[in-house]
Structures are given as C-alpha cells and as structure tokens.
Ligand code: DQA
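In our numbering, the protein residues as written are 22 to 171.
So, in structure tokens, the structure goes:
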C-alpha cells in the first residue's frame, strides 16, 4: 500500500509556529514520526509539503494511478480552497483529512472545512497522533475497498 502525505502552508514552521497551539515538535520530527508509523504498518510513504495551493493541486493530480491513499493537512487552505477538494475528487483516490489542533473548538473561520467533503474521514485535535489515527483509518478503508473488488 502506498500513501501520499500532504502538508499545507506554514506546517514547515512547526516547532517555531505557535507552540501553544501546535506543540514543539518540528516538521522534521513530524516526518520521522509518520515514516516510522507507516513502516511499522508496511505502508510505503511519500511526504510532501508546500505553501502554495497550485503546487498541492499538482501533487494530488500526479498521485493518480500511483498512490492508494492520500492523507492531507491542507492547513489554512482547509477553510478557503475549493481547488484542493476538487483535485481529490478528480483523481478518485481515497483521502483522509488531518489537523493537529481541534479546528471545531477554534475561531469561527476555522470551523468550516471545504476539504472535508472530498475525504472519507477527518481526524483533528490529537497533535501529531492525528496523523496516526488517519493513517489507520485510511488503511482500513483501502483494505476493505480492495477486498470488495472482484
Ligand atoms: C491546522 C489548522 C488550520 O486552521 C491552520 O490554518 C493550520 C493548521 C492544524 O493542523 O491544526 O495551519 O490545519
């Protein structure tokens, strides 16, 4: 199984960025954590981070026919981008949405996600563990989908 993990704008600043909200772990720490979780589960993984909406759309399009699943933390684009969920729907790859913080308990403008409608599930508020929960959820979904294909 191959997963693409996408992190959006400012997540490269983890560790420095608002540690009271996002914790003290760096983006490199997050990548190491995701890689170890995926390797324990026998999942091949590619990590991608960009501060640019179009680059994220390009990466999702390039995933077509290559990846079995996408885990995405669109960061601020969660609340503004229609192009990102459109791209996920265009490629038809099962995707799960992740947030480090609990967006449902933050500012009103963070409480709506455009990404959500293109995803099988959303995990938020668990810090880096949100990624672990989303990986497990997506793995289960992809396995179930593959076992029903004749
Ligand atoms: C975030 C939540 C977003 O509202 C914010 O813009 C981010 C990070 C999270 O992981 O908690 O950049 O996606």
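Where a beta carbon is used, it is the ideal one built from N, C-alpha and C, also for glycine. Keep in mind the model is a prediction, meaning the values are calculated, not measured.
Look at residue i and residue j and say whether their C-beta atoms are less than 9 Å apart.
i: residue 101; j: residue 118; result: no
i: residue 22; j: residue 163; result: yes
i: residue 122; j: residue 145; result: yes
i: residue 38; j: residue 156; result: no
By alpha-carbon positions, which one of the options ends up nearest to residue i?
i: residue 69; options: 155, 108, 160 and 25; result: 25
i: residue 78; options: 137, 160, 120 and 93; result: 93
i: residue 55; options: 127, 148, 85 and 131; result: 148
Do you know offhand how far residue i's Cα is from residue j's?
i: residue 72; j: residue 99; result: 13 Å
i: residue 60; j: residue 89; result: 16 Å
i: residue 133; j: residue 65; result: 31 Å
i: residue 53; j: residue 47; result: 10 Å
i: residue 35; j: residue 120; result: 13 Å
i: residue 83; j: residue 127; result: 33 Å
i: residue 129; j: residue 58; result: 33 Å
Applying the criterion that 16 or more other CB atoms from any shown protein chain within 10 Å of the CB defines a buried residue, is residue i buried or exposed?
i: residue 152; result: buried
i: residue 169; result: exposed
i: residue 75; result: exposed
i: residue 96; result: buried
Residues around ligand 1, please: the condition is that the C-beta lies closer than 6 Å to some non-hydrogen atom of it. 31, 94, 96, 97, 99, 120, 121, 122, 124 and 131
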